[in-house]
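In order, the protein sequence lines correspond to chains Y, D, E and G. Residue 99 in the numbering used here is what sits at position 97 of the first sequence, and the numbering runs on without skipping anything. Residue 32 in the numbering used here is what sits at position 30 of the second sequence, and the numbering runs on without skipping anything. Residue 266 in the numbering used here is what sits at position 264 of the third sequence, and the numbering runs on without skipping anything. Residue 73 in the numbering used here is what sits at position 71 of the fourth sequence, and the numbering runs on without skipping anything. Just so you know, even glycine gets a beta-carbon here, dropped at the ideal spot from N, CA and C. One structure is given here, and the rest of the page talks about it.
Number of protein chains: 4
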Amino acid sequence: MALTGVLRPGHAQLRVLDLEEGVRHYRDVLGLVETGRDASGRVYFKAWDERDHNSLILRQADQAGVDFVGFKVANKATLDQLEADLKAYGLSTERIPAGDLMETGERVRFKIPTGHLIELYAEKKMVGNGLPSVNPAPWGKDSEVGIAPLRFDHCLLYGPNVNQTLDLFTKVLGFTLTEYVTLPDGETKGALWLTCGIKAHDIAFVEHPEPGKLHHLSFLLESWEKVLRAGDIMSMNKVPIDIGPTRHGVTRGTTIYAWDPSGNRFETFCGGTQPYPDWDPIHWTWEGLGEGGGLDYPQRKLHETFLTVVT
Amino acid sequence: MALTGVLRPGHAQLRVLDLEEGVRHYRDVLGLVETGRDASGRVYFKAWDERDHNSLILRQADQAGVDFVGFKVANKATLDQLEADLKAYGLSTERIPAGDLMETGERVRFKIPTGHLIELYAEKKMVGNGLPSVNPAPWGKDSEVGIAPLRFDHCLLYGPNVNQTLDLFTKVLGFTLTEYVTLPDGETKGALWLTCGIKAHDIAFVEHPEPGKLHHLSFLLESWEKVLRAGDIMSMNKVPIDIGPTRHGVTRGTTIYAWDPSGNRFETFCGGTQPYPDWDPIHWTWEGLGEGGGLDYPQRKLHETFLTVVT
Amino acid sequence: MALTGVLRPGHAQLRVLDLEEGVRHYRDVLGLVETGRDASGRVYFKAWDERDHNSLILRQADQAGVDFVGFKVANKATLDQLEADLKAYGLSTERIPAGDLMETGERVRFKIPTGHLIELYAEKKMVGNGLPSVNPAPWGKDSEVGIAPLRFDHCLLYGPNVNQTLDLFTKVLGFTLTEYVTLPDGETKGALWLTCGIKAHDIAFVEHPEPGKLHHLSFLLESWEKVLRAGDIMSMNKVPIDIGPTRHGVTRGTTIYAWDPSGNRFETFCGGTQPYPDWDPIHWTWEGLGEGGGLDYPQRKLHETFLTVVT
Amino acid sequence: MALTGVLRPGHAQLRVLDLEEGVRHYRDVLGLVETGRDASGRVYFKAWDERDHNSLILRQADQAGVDFVGFKVANKATLDQLEADLKAYGLSTERIPAGDLMETGERVRFKIPTGHLIELYAEKKMVGNGLPSVNPAPWGKDSEVGIAPLRFDHCLLYGPNVNQTLDLFTKVLGFTLTEYVTLPDGETKGALWLTCGIKAHDIAFVEHPEPGKLHHLSFLLESWEKVLRAGDIMSMNKVPIDIGPTRHGVTRGTTIYAWDPSGNRFETFCGGTQPYPDWDPIHWTWEGLGEGGGLDYPQRKLHETFLTVVT
């Protein structure tokens, strides 16, 4: 009851072209905490306020992008049930053994209609957020190292068949559609924001011909002032900014989009609505996404990179 | 799946000594939107960003305090199931017919061990937040009238038997314990914060000899700067402040506690953690609540009114 | 002693193509207080926290731009002395009689090498900021009408001969150079920020072939959060934004540049350094203005409109 | 012209009971930069954004309090003229040789009617703010070490004869009275805020029977969010807080008052008005200081310590 089933986006494995350059970016500039490296050379990070061992995994590769995105589910029984539900829905699933990702239990992996690999898992080692479990301070020494987001918040994925993906996420995985954009025909949904809790989004999709593409991974900040600080730190480190600081009309959140050294876009994000599953989703028209301020509320424009640059 | 069962605190009926004075306070100073008055003279309000018809109901009475607090559940089947679960747990329940509260469906009412009346309901008319459902602005004309919180966020109730109440809320109603204070014995829980989603609290309890008492109703603001603005507006209107502006150690939220004209405490609150059900709750010792900064993190003191003034 | 001579930018007369459209913009969107209209049809405004009768005057004309910018000086003796100093420096001055601008005393007008008309005056009626003079609240009813800046803060003017203008402002008018940009030759100053007090700028100049052009009038906000609110209000009113919200490297201030309905750029600005006359000015190279973050610190780019669009 | 004469509060020498404990407080908690120690054992600090070598000097002594407060003046000619003016006014002055304070030129010292030693000086070595003089970032590595104020902003001194002191500061030193409190008789000024520029205060006085007492030294922060952060850092370090976080009605600034390990009060302050010398000062009645919100605008109370605890 209450929050059950799929709890949250728990990890994403990101491909970078140069591992140490990527580590410097995500550790020293974004300010994630490095928590380990595995035998295959992957590097693990968590945001300081997360309690799980890892939420971002970097893998060196010839092409940037995201390998997979994993969601934590409530427990192993839920994992089994959701796998059964996925199969009943017609998807193939694969079990990845515990330990394949550091400190992470068995994962159920499946490909969604947009071409992305999504995983569910019930176990990841709780390592805490660096604060004592008794009488903790509100923040600590890791909270001001680099941009220092609170957590990996959500991702935006580009691929085909977003409406089939909507069906899968809402009917099988229990997500709620919070906002959507209709294509110029005024009816077909072309962009979707979905939550498994009461966040503005835990995952989002945009219709795109090429499958399995990453638009951005997003990291949560506490305040609009921290978004400004994030922009300052990006600038100090010559991180190229795509859009922002600004406010999205969609979700109401404040944001900066920027690129990591491999060209993967990431977002530092703050705020946003807290929608409930009994709410009607918010509808943005195609013009609403651009001139209506959906992407950039103050500037009311559809920055060209938004639809074209993905990894 | 995902968010199911009990969704959120949906309404509270508050007793005020002078109705029009109460209306002026909650409408003109706190800045709630008045949405109706019923045949029995009760006045209904919603926070501007809420979508349901009402979240605060004022009733004139000889004694201040709270009549009942209601939680919205996912749907009527959930309502029936939860009522059955409550009965199976040993509680008596009462069905209040639809329409007894304006624009609100049938309610299931029961008394919890602290002596408070809690209600569950599945239906309340969606009236929207005053913004269009297509291409909405992030805020609108109601967002700067008075303090103008986003929503009724949670309440803190005082009464006996908080540990039995914890059992009820977690085992039957699906809440998660997010933080707690142990009494000077170091073991017995004396204060509890509970969520039915991923908020720092949807309801909280403090052990207290007298049953059914109200510590405060809390209303959510967007930022610490809005908390300062709330303090300014309270001062402009000579609203007596109890504590703040400050930060709670418990929940990390920022806050002002103040009193309405009838002596009911209310809170304007911002921030706070977003805990998940798989997290261990945070433990505050009795000293931690005071000197440890649990109540007032900067000042590290247990303001005397916190434990003594309730309605 | 202490602050003497020229005190502050006191007024600017702006040309708009449609007066009532201009009034709606500056009164209803920017949120200035309309304080009067004169026989020639000009409309007068003040920012809510200013104490003088007016700081912005709108005049309908066939071409947008600024007619003149006026500075308040300490008193009439200072006005006489500064006029004598200007003449001794070789400039022609003109006395405009008291009352030509509403509630404003005699003005000494002169043309500076960039081709702009600058005025000095010692008297303008103090009308207060709408708060009581005894035990005032920190803000009041005008403080949330539209964007509601605290004051007219500074202007940026484009024209030729900025180095001669620097000489005039520092040697005769007592201003201090706070920051400057050198042209690609690395030596010639091409942009200047000057203060007559301890503000990051009371006036600024950029070298430009055409004389007498306006880049922007700037209005002061209290916080970065108010800058976001300004962007929201601009968007709600379809005010076209040029740049921002962002932070300038020059001055460190946060900003939005946008255009009024006649195409005059205006700025909503917050923060900035408080430099003293014994400080060395900060040097920005030509690359520093763009890639160095001088104009847009997070984005490190020289937006094309910055150098090309003036009125 | 423009800003002349006395420029700013430049240094204060503070007595602490234990030097290393004081150093830890001002360097590690408040986050000042230690810039030197002299032969007599005094320790020198600057706030990160100050350009002068030092602004706070700690001296170990048996009794806490302030030895003297120094103001930087425009140049040596100004120093000579002001000394002559002080003598003409009837005060004795003393010349302290250059080098007595590290990196500081000759000082003119005099005792004011409140019993405090005030100094004027024209020279202190410019060491910069740690950022490059060409194309600087808005902040750097020292800006987040401890509370990290921008500068030593002002001090509040307690002693007798504040009205004579007002006469001295306005007639001889060129300060402007910005705000004042009248005693219960409604006429006699009992508290004064004065600026030598356009700050809400560069120095302030409260009438008090004992001469030469220190109420607090104040350090400037950029935002209300930084005030919250200051409160967090004080709490993390068990720094006892006197008042706040809150807003002063007087000056409109936001504030925390707290005590250093020797019992000297210090303030972390943000905001405040920017008053000009042609403005009428703001009048607070005696009731206005307390119930009127002059000291604590949200709480509208005269905290007992404000009038009684000084060093």
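Query                                                                                                              : Result
The beta strand (DSSP E) enclosing Y/LYS74, as first and last residue numbers                                      : 67-75
Neighbour flag for E/ASP314 against chain D, beta carbons, 8 Å                                                     : Summary: the structure shown does not reach residue 314 of chain E, with chain E confined to residues 3 through 313, and so no result is reported for it.
Euclidean distance between Cα positions of G/ARG10 and G/VAL174                                                    : 15 Å
Distance CB(E/GLY274)-CB(E/THR253) smaller than 8 Å                                                                : yes
Interface flag, E/GLU227 vs chain D, CB-CB below 8 Å                                                               : yes
Nearest candidate by alpha-carbon position, reference E/PRO134, set G/ALA206, G/GLY290 and G/LEU185                : G/GLY290
Any non-hydrogen atom of the ligand PLP within 7 Å of G/ASN56 CB                                                   : The ligand PLP is absent from the structure shown, which contains no ligand whatsoever.
Cutoff 6 Å; reference G/TRP195; Cβ partners in own chain excluding five residues on either side                    : THR180, GLU181, HIS203 and ALA206
Test: E/TRP50 CB closer than 8 Å to a CB of chain D                                                                : no
Minimum C-alpha distance to D/TYR91 - residue among D/ALA4, D/TRP50 and D/ASP169                                   : D/ASP169
Inter-residue Cα distance where the pair is D/ILE120 and Y/GLY176                                                  : 27 Å
Cβ-Cβ distance between D/GLY148 and D/LEU32 below 8 Å                                                              : yes
Where the alpha helix (DSSP H) containing Y/THR167 begins and where it ends                                        : 164-173
Test item: CB-CB of D/PRO314 and D/HIS217 under 8 Å                                                                : This structure cannot settle anything about residue 314 of chain D, because the visible part of chain D is limited to 3 through 313.
Continuous beta strand (DSSP E) stretch holding Y/THR310: start and end                                            : Not the beta strand (DSSP E): Y/THR310 falls in the alpha helix (DSSP H), residues 306-310.
Minimum length 3: unbroken beta strand (DSSP E) runs contained in the segment 122-196 of chain G                   : 153-161 and 178-184
Beta bridge counterpart(s) of D/GLY38 as assigned by DSSP                                                          : D/TYR46
Member of E/SER237, E/LEU223, E/GLY292 and E/ALA260 whose CA lies at the smallest distance from the CA of E/THR184 : E/GLY292
With 16 other Cβ atoms within 10 Å as the buried cut-off, status of G/ALA41                                        : exposed
Selected residue, minimal CA-CA separation from Y/GLU125, among Y/PRO186, Y/LYS143, Y/GLN301 and Y/ARG53           : Y/ARG53
Contacts that G/TYR299 makes with chain D (C-beta to C-beta distance below 8 Å)                                    : GLY233, ASP234 and SER237
Cutoff 8 Å: E/ILE114 Cβ touching any chain Y Cβ                                                                    : no
Beta-carbon neighbours of D/GLY212, restricted to chain E and to distances below 9 Å                               : Residue identity check: residue 212 of chain D is Glu in the sequence provided, not Gly. Going along chain E, no residue has its Cβ under 9 Å from D/GLU212, so there is no contact; the nearest lies around 38 Å.
E/LEU21 - containing alpha helix (DSSP H), residue span                                                            : 21-25
Where the alpha helix (DSSP H) through G/GLY294 begins and ends                                                    : That residue, G/GLY294, is in no alpha helix (DSSP H); it is neither H nor E in DSSP.
Three-way DSSP call (helix, strand, coil) for D/VAL252 in this model                                               : coil
Short CB-CB distance (under 8 Å) between G/ALA150 and chain Y                                                      : no
Simplified DSSP assignment, three categories, for D/LYS215                                                         : strand
Extent of the continuous beta strand (DSSP E) to which G/LYS113 belongs                                            : 109-113
Proximal chain E residues relative to D/ALA139, where beta-carbon distance stays under 8 Å                         : ASP234, SER237 and MET238
Min CB distance E/GLU146 to chain D below 8 Å                                                                      : yes
Top-ranked residue by Cα proximity to D/PHE308, from D/HIS27, D/ASP244, D/PRO283 and D/GLY214                      : D/ASP244
Interface partners of Y/THR391 on chain E, CB under 8 Å                                                            : This structure leaves residue 391 of chain Y out entirely; chain Y is present only between 3 and 313.
Alpha-carbon to alpha-carbon, G/THR178 and E/MET104                                                                : 28 Å
Pair within 8 Å by beta-carbon distance, Y/SER220 and Y/PHE271                                                     : yes
Backbone secondary structure at D/ILE235 - three-state DSSP                                                        : helix
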